[in-house]
Every structure is written in C-alpha cells, then in structure tokens.
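Numbering (my numbering), first residue to last: 67 to 209. All C-beta atoms, glycine included, are put in the ideal place defined by N, C-alpha and C. A quick note: this is a predicted structure, and the numbers were derived from the prediction, not measured.
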C-alpha cells in the first residue's frame with residue numbers, strides 16, 4: 067500500500083479517523099483549512115518566532131552569513147567580469163528556513179527534510195531585504 071502525505075492523502079486519513087460523522091468537511095473545505103493554517107505558520111515564522119508543532123518539534127527562520135559568495139551570472143554572461151553578490155541590502159546576512167529535529171517524534175527523522183513552498187521562500191527573501199534588523203545577529207546563527 068502506497069502512503070501519500072499530500073493533501074489528498076491527509077484528507078483520506080481524516081475521513082477514516084474522524085469521530086463526528088455529521089460534521090464532515092469536503093475536500094475543498096479541507097484544503098482551505100490547510101491553506102489557512104500554513105499561511106499562519108509562515109506569517110509567525112516571518113515575524114521571527116519559532117513555531118512549535120506536535121510530533122515535528124519547531125520550524126523557524128535563521129540568520130546566517132554564507133561561507134562562499136555567489137557569482138552574479140547575469141553580469142558574468144553579459145560582460146565577462148567576475149562579480150560576486152554582496153547582499154548589501156542585509157549587510158551580508160541571509161535567511162533560511164530551519165526545522166529543529168532534536169525532539170521530533172518521527173521514526174527515521176534524519177531521512178526527512180523541510181522544504182518550504184516557493185511563496186514562503188520568496189516571502190523570506192523579501193523580509194530579508196526589508197527588515198534585516200528583525201533577526202539579530204546574536205540569535206540562532208547556523209552555519
């Protein structure tokens with residue numbers, strides 16, 4: 067039996083384990099609830115908070131300085147000059163999503179990873195450009 071952890075798989079599990087047969091959500095309503103919860107989690111993380119979730123511990127955004135500078139391929143392809151991105155808008159700092167697995171209650175947790183959706187990644191980048199002081203350097207620097 068194949069196990070799916072997408073929205074359809076979670077909805078099927080919801081139908082199996084629901085206790086109240088009279089108040090059943092449709093798939094469309096279930097997706098709307100999941101989307102609302104996910105947006106609230108992303109918003110809390112973008113405010114600089116750790117979001118604690120049952121079984122999976124916490125998800126947060128961490129501030130770090132990159133070990134290596136990234137080549138600006140646009141300038142390199144047009145002019146042939148080697149120029150590196152400096153992240154001047156954030157004084158060289160970058161933000162990344164972090165899943166703390168230390169107290170995670172899932173078997174084989176080392177085989178799992180957290181990859182945010184594209185919209186959440188783009189929101190993290192826009193926060194880095196606008197509010198670089200939101201995440202102080204002394205808090206959770208992870209290399």
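Close Cβ partners of residue 171 (< 6 Å) along its chain, the five nearest in sequence each way excluded:
121
Does the separation of the CB atoms of residue 99 and residue 110 fall below 8 Å?
no
For residue 133, the residue or residues it bridges with in DSSP:
Residue 133 pairs with nothing; no bridge assigned.
Are the C-beta atoms of residue 106 and some chain C residue less than 8 Å apart?
Considering every chain present, this structure includes no chain C. It has just one protein chain.
Roughly how many whole angstroms lie between the Cα atoms of residue 165 and residue 148?
35 Å
Hey, residue 196 and residue 112: beta-carbon distance below 8 Å or not?
no
Nearest residue (CA-CA) to residue 160, options 130, 169, 102 and 123
130
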